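J.: Every position in the sequence shown, counted from 1, becomes a number in my numbering once 2 is added.
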Amino acid sequence: MLTRARRLLLDAGEDPNRYNPVGAHSHTTPLHQAAGAGHYAVVRLLVERGARLDLKDILWQATPADWARHAGRTAIEAYLRARDTGSKRQG
3 MLTRARRLLL DAGEDPNRYN PVGAHSHTTP LHQAAGAGHY AVVRLLVERG ARLDLKDILW
63 QATPADWARH AGRTAIEAYL RARDTGSKRQ G
C-alpha cells in the first residue's frame, strides 16, 4: 500500500528529493524516512525515480544510507551504498 501510494505521488510529479513539509520530519527527505523505517520497496522505487543518495538530513547531516545503518536496516544500507557512486567517502 505504501509503495503504491508513493508511486502515485511520483507519477503525479512529486519531487523525490524534496524535504518533507513542516511537522512531518521536515529535516529529512522521503528516502531518509523509508530507509530508516525499513521500507525496502519504497527505497527502491525512490532510487529508481531519481532520489539523490547524497542528500543529508538537516538535523544530523546524515545520508539515507546512514539512516539505514543507524536503524539496523543492513540490507537497505548495502543497497544504497552499492548505488552511491557519486559521493566521495573518506577512508
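Note that CB positions come from ideal geometry on N, CA and C, so glycine has one too. For clarity, every value in this text was computed on a predicted model and none was experimentally measured.
Applying the criterion that 16 or more other CB atoms from any shown protein chain within 10 Å of the CB defines a buried residue, is residue 78 buried or exposed?
T.: Buried, since its Cβ has 16 or more Cβ neighbours within 10 Å.
J.: Shortest alpha-carbon distance to residue 14 belongs to which of 64, 51, 72, 36?
T.: Per the Cα distances, 51.
J.: How far does the alpha helix (DSSP H) with residue 1 in it extend, from its first residue to its last?
T.: Beyond the ends of the chain as shown, which are 3 and 93, falls residue 1; an answer cannot be given.
J.: Specify the secondary structure class of residue 176 as computed by DSSP and reduced to three states.
T.: In the structure displayed, the chain extends from 3 to 93; residue 176 sits before or after that span and is not available.
J.: Quick one: what's got a C-beta closer than 8 Å to residue 37's C-beta in the same chain, skipping five residues either side?
T.: If we look at residue 37 and ignore the five residues flanking it on each side, its Cβ neighbours are 45, 66, 67, 69, 70, 73, 75, 78, 79, 82.
J.: In this structure, how does DSSP classify residue 14 when only helix, strand and coil are distinguished?
T.: Correct three-state label for residue 14: coil.
J.: Alpha carbon to alpha carbon, how far is residue 19 from residue 28? Give it in angstroms, no decimals.
T.: Near 12 Å, if we compare the C-alpha coordinates of residue 19 and residue 28.
J.: Please return the same chain residues whose Cβ sits closer than 6 Å to the Cβ of residue 40, not counting the five positions on each side in sequence.
T.: Correct list, in chain order: 75.
J.: Within 10 Å of its beta-carbon, does residue 23 have 16 or more other beta-carbons around it, so buried, or fewer, so exposed?
T.: Looking at its Cβ environment, which holds fewer than 16 other Cβ atoms inside 10 Å, residue 23 is exposed.
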